[in-house]
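Written below as structure tokens is the structure these notes are about.
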Amino acid sequence: MKVVEHTRRPIRVEPPVSRLIVTIDGPAGTGKSSVARALAGRLGLDFLDTGAMYRAAAAIVIDHGLDRLDESAVVEAVDRAGLHFDWTTDPPTLRSEGRSCMERLRESDVTSIVSPVAGLPRLRELLVLQQRRIGREHPRLVTEGRDQGSVVFPDAEVKFYLDASPAVRAVRRAEQLRGMGHPADPARLEAEIRARDRSDSSRTVGPLVRPAGAIVVDTSNMTFDGVVAELERLVRSRLAAAS
Ligand code: DC
Numbered sequence: 049m050k051v052v053e054h055t056r057r058p059i060r061v062e063p064p065v066s067r068l069i070v071t072i073d074g075p076a077g078t079g080k081s082s083v084a085r086a087l088a089g090r091l092g093l094d095f096l097d098t099g100a101m102y103r104a105a106a107a108i109v110i111d112h113g114l115d116r117l118d119e120s121a122v123v124e125a126v127d128r129a130g131l132h133f134d135w136t137t138d139p140p141t142l143r144s145e146g147r148s149c150m151e152r153l154r155e156s157d158v159t160s161i162v163s164p165v166a167g168l169p170r171l172r173e174l175l176v177l178q179q180r181r182i183g184r185e186h187p188r189l190v191t192e193g194r195d196q197g198s199v200v201f202p203d204a205e206v207k208f209y210l211d212a213s214p215a216v217r218a219v220r221r222a223e224q225l226r227g228m229g230h231p232a233d234p235a236r237l238e239a240e241i242r243a244r245d246r247s248d249s250s251r252t253v254g255p256l257v258r259p260a261g262a263i264v265v266d267t268s269n270m271t272f273d274g275v276v277a278e279l280e281r282l283v284r285s286r287l288a289a290a291s
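Printed below as a string of structure tokens:
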């Protein structure tokens, strides 16, 4: 799935709505982030990458030398870091401890511990509250993650669940990493993706699930543009049906 840079071309949502929350959940490597960002641009909505918030928490654990199992210390440090987005950039820039942490989030040490960190129940509680607050402040939003339609915004107007085979997802992740100048081995990435799926799906709090009422889209054989166009079509037809 080739990721194409979309120019920001806000097309008004018709009929105009004051609240439109679109959730996109699914496993790693389905292209969720890029799709969500492009969809937000096409619909003129804001874009929230909640994986970035869990990645920022993992970076804080590493950079502060914390024990990732020490839930109180992790929650306290993340709370103190004052995570927030700068909405003036596209995509919005996540800031932690007063500076952008965007570069740090995709580094391999962060990726290797983010899933267990994201499994800490009290950390999830904190970040879910922050995400709901963002939803109140930005009620025209495309938000992507693992639990957006199931836990954070169960009353979202439109919910999607994106899926793709692990092999396809590994190739996409490899392309993404290489594009950022990082080395990538698809076989190793596929093993990591399978392990992360197991961990994300089996945790007790906020597991990766297909939310009730979600539209499931298997992107394995779709182009990036095809996925974005299909999701845009589905959102617009939902809105038209609801009006
Ligand atoms: O989408 P991503 O690869 O940036 O997500 C990073 C990690 O955070 C991944 O292990 C899943 C987890 N995550 C989560 O548990 N809940 C979310 N809402 C978003 C991400």
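Numbering-wise (my numbering), the sequence shown opens with residue 49 and increments by one.
Backbone N, C-alpha and C define an ideal beta-carbon position, used for all residues, glycine too.
How about residue i and residue j: are their beta carbons less than 8 Å apart?
i      : j      : result
Lys207 : Ile241 : no
His186 : Asp94  : yes
Gln179 : Thr78  : no
Val253 : Arg194 : no
Ile312 : Ile69  : Within the shown structure, residues of the chain are numbered from 49 to 291, placing residue 312 beyond reach of any answer.
Val276 : Arg90  : yes
Quick one: Cα of residue i to Cα of residue j, how far?
i      : j      : result
Glu124 : Asp211 : 34 Å
Ser291 : Val283 : 12 Å
Ile108 : Glu280 : 36 Å
Pro169 : Arg181 : 18 Å
Asp127 : Ala100 : 15 Å
Leu153 : Pro164 : 15 Å
Ala105 : Ser285 : 37 Å
Ser247 : Glu238 : 14 Å
Ala288 : Gly227 : 38 Å
Glu278 : Trp135 : 26 Å
Pro64  : Gly92  : 11 Å
Thr9   : Glu151 : It is not possible to answer for residue 9, since the shown part of the chain is limited to 49 through 291.
Pro75  : Val219 : 14 Å
So which of the options has the shortest CA-CA distance to residue i?
i      : options                           : result
Arg244 : Gly229, Gly261, Met228 and Arg217 : Arg217
Thr191 : Thr71, Pro64, Ser66 and Arg67     : Thr71
Arg184 : Pro75, Leu96 and Lys80            : Leu96
Gly167 : Ser249, Phe133, Leu87 and Val200  : Ser249
With a CB to CB cut of under 8 Å and the five nearest residues on each side skipped, what residues in its chain are close to residue i?
i      : result
Ala121 : Leu114 and Asp115
Glu53  : Legend: pLDDT at Glu53 = 44, less than 50; position of this residue unreliable, no value from coordinates given.
Ala129 : Ala104, Ile108, Ser144 and Glu145
With a threshold of 6 Å on Cβ separation, who are the neighbours of residue i within its own chain once the five nearest residues in sequence on each side are excluded?
i      : result
Leu175 : Met101
Ser148 : Thr141
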